[in-house]
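First comes the structure, then the notes that go with it.
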Amino acid sequence: MRLVFILLICAITLPSCKKYDEGPSLSLLSKKQRLTGKWELASFYLNGNEIIITNKTDLTVNKNGTFSTSILIGTNTFSNNGNWAFSDDNDILLMTYSAQSTESWEIKRLSNKQLYIEMTQPGGSVTRQEYVKKVKQ
20 MRLVFILLIC AITLPSCKKY DEGPSLSLLS KKQRLTGKWE LASFYLNGNE IIITNKTDLT
80 VNKNGTFSTS ILIGTNTFSN NGNWAFSDDN DILLMTYSAQ STESWEIKRL SNKQLYIEMT
140 QPGGSVTRQE YVKKVKQ
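In the working numbering, the protein residues as written are 20 to 156.
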């Protein structure tokens, strides 16, 4: 009877553990542990339409609250850096660049291998970036 009660409690509470719209449902790693690392932009969407990526974009998120971006266009590399933080309820990724501009990205998915973020621009258009974690070499 006790085992049935424990299983019932788990069945009721586990579905509520899902924090982000697109998952994961459960993770043993903290949000910070899942976010930190090197990411590569795999897909880019504007208002739900996929835009073909012709450059290489990398995002590095560090445990100490800093991040850097690197965009390779042809033979030219453009870099930027700043500080990151989670919002109070952990569903928004705040990225403050060295130029003091801050972007608020809604986290749609945060697993140890995938990061999907969306931002609504002032004009109403929605930008979505889907990153995959780079494999350590």
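Note that CB positions come from ideal geometry on N, CA and C, so glycine has one too.
Scanning 141, 78, 73, 132 for the CA closest to the CA of residue 48 turns up 132. DSSP places residue 54 within a helical segment (H, G or I) once states are collapsed to three. Burial check for residue 54: the Cβ neighbour count within 10 Å reaches 16 or more, so the residue is buried.
In terms of Cβ geometry, residue 86 and residue 72 do not form a close pair [threshold 8 Å]. Counting along the chain, the unbroken beta strand (DSSP E) around residue 95 starts and ends at 95-105.
Sequence-distant Cβ neighbours of residue 115 in its own chain, meaning closer than 7 Å and more than five residues away, are 101, 102, 121.
With a contact defined as Cβ atoms closer than 8 Å, residue 50 and residue 129 qualify at about 6 Å. Cβ neighbours of residue 117 within its own chain (closer than 6 Å, five residues either side excluded): 100, 101. Of the other Cβ atoms in all chains shown, fewer than 16 fall within 10 Å of the Cβ of residue 91; this residue is therefore exposed. In this structure, residue 96 sits away from residue 88, with a CB-CB distance that is not shorter than 8 Å.
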